[in-house]
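*Asks:*
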Amino acid sequence: MIILGLTGPIGHGKSSFAKAIAAQDPSVAHFESSLIVGEVADALHATTTKVPSRDDIDEINEWLKPLPDILMKVVNAHCVFGAIALDEAEIERHPIEYEKLFIHIDNLHRNPELLKQKISLENKESYRPILQWLGGYLVRRVDNGIWYKEIVRRIQELDQDQHKICIVGGLRFPNDAYLLKKAGAKIVKVYRPEHLQYDKLDPTERERDNIPVDCTIVSNGSIDDLNACAKRVVEDISSGKIQPVYYAVQAQNAA
Numbered sequence: 007m008i009i010l011g012l013t014g015p016i017g018h019g020k021s022s023f024a025k026a027i028a029a030q031d032p033s034v035a036h037f038e039s040s041l042i043v044g045e046v047a048d049a050l051h052a053t054t055t056k057v058p059s060r061d062d063i064d065e066i067n068e069w070l071k072p073l074p075d076i077l078m079k080v081v082n083a084h085c086v087f088g089a090i091a092l093d094e095a096e097i098e099r100h101p102i103e104y105e106k107l108f109i110h111i112d113n114l115h116r117n118p119e120l121l122k123q124k125i126s127l128e129n130k131e132s133y134r135p136i137l138q139w140l141g142g143y144l145v146r147r148v149d150n151g152i153w154y155k156e157i158v159r160r161i162q163e164l165d166q167d168q169h170k171i172c173i174v175g176g177l178r179f180p181n182d183a184y185l186l187k188k189a190g191a192k193i194v195k196v197y198r199p200e201h202l203q204y205d206k207l208d209p210t211e212r213e214r215d216n217i218p219v220d221c222t223i224v225s226n227g228s229i230d231d232l233n234a235c236a237k238r239v240v241e242d243i244s245s246g247k248i249q250p251v252y253y254a255v256q257a258q259n260a261a
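Basically our numbering = 1-based index in the sequence shown + 6.
(1) Could you give the distance in angstroms between the alpha-carbon of Val46 and the alpha-carbon of Cys221?
(2) Cα-Cα, which of Ile27, Leu50, Ser22 and Arg147 is closest to His169?
(3) Among the candidates Val194, Thr54 and Ala183, whose CA atom is the shortest distance from the CA of Pro118?
(4) Going by DSSP in three states, Cys235 sits in which element: helix, strand or coil?
(5) Short check: CB of Ser40 to CB of Gly176, under 7 Å?
(6) Is it right to say Val251 is buried, meaning 16 or more other beta carbons lie within 10 angstroms of its own, or is it exposed?
(7) Could you have a look at Phe23 and say whether DSSP puts it in helix, strand or coil?
(8) So Gly11 is in the beta strand (DSSP E); what residue range does that whole segment cover?
(9) Can we say the region 158 to 166 touches the region 126 to 141, given the rule of at least three CB pairs closer than 8 Å?
(10) Go through its chain and collect everything with a Cβ distance to Gln166's Cβ below 7 Å, but skip five positions before and after it.
(11) Whose C-alpha, out of Val219, Ile125 and Leu50, is nearest the C-alpha of Met78?
(12) Apply the 10 Å Cβ neighbour rule to Ala183 and answer buried if 16 or more other Cβ atoms are within range, or exposed otherwise.
(13) I need the DSSP call for Glu163, collapsed to helix, strand or coil.
(14) Whose CA, out of Val224, Asn233 and Val148, lies closest to the CA of Tyr253?
(15) Could you work out which residue in Leu140, Glu200 and Asp75 is closest to His18 when comparing CA atoms only?
(16) Is the beta carbon of Ala191 closer than 7 Å to that of Gly11?
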C-alpha cells in the first residue's frame, strides 16, 4: 500500500492534491487528522448542556471535564483531567495558545447549532478554531502522537487488497511525520507559490515548517495540471523513483 502523508500551509492545495490522488484510484483510503480531532470535538459537544463563558475559567474547565473519557473511547489515550485542566496563570503567560479555544466558545454562543452538527470535510471550516486548539493542546498535554498513533492503527486495519493507496492529511508536527514514516509513508508537502500563509502565529501551524518531507508539490497550475502531477507522483513512488520536487506545470521544473 502506498501511504502519503500530506503537509503544507492552509489554503495551499492539500485537499485539491488529495482529490487528484483519489482520481487515480477510486478505492483510495483517506484519513484526516482534523476529522479524528473532530470526533473528539463532536463527543465534547454532545455532552454540552451549557456553553461556558469565555471569561470564566472554572466554567470552561467544567465543560472540558468529559475529555479524558472521550479520549479513551475515541483514540485510546489515557489522561487525567488535571493534566489538561486550564490554568489561569498559564493563560495569562501564553494567551495566544488559548485564543482559538475562546474563539470557538464565542462561536458557540453566536451559533448554538454548531453543537448539533457532526464535523465533516464539508463543514470543518466552521470548526477550525476548536480543531486547531484541541489538535495542538492535547498533543502538548497528553501525548505528542495522540492523533497519528490512532491514524496508524486505523491504517493497519485496512484491507490492503481493497486499498492500494492511503492518503493522510493534516500533518502539523514533526512527530506526525515520524509516526507515519515508521508505518511506511512518504511525506509530501503541497505548496502554492505567491499564496499567503495563514495563521503563522498559531502554535500548530508554526510547527509545519519543521516537518521533513520526501517531496514537495509546487501547485502552480490548473486542476488538470495537478491531476497529471498526482499521476506522476504515484507512478514514481510505485517504481521507487520519487523526486524531491514536482511542479504541476512541468515547464517551470525545467527552468
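Yeah, the Cβ is synthetic: ideal placement off N, Cα and C, and Gly gets one too.
*Replies:* Reading off the structure:
(1) 31 Å
(2) Ile27
(3) Thr54
(4) helix
(5) yes
(6) exposed
(7) helix
(8) Ile8 to Thr13
(9) no
(10) Met7
(11) Leu50
(12) buried
(13) coil
(14) Val224
(15) Glu200
(16) yes
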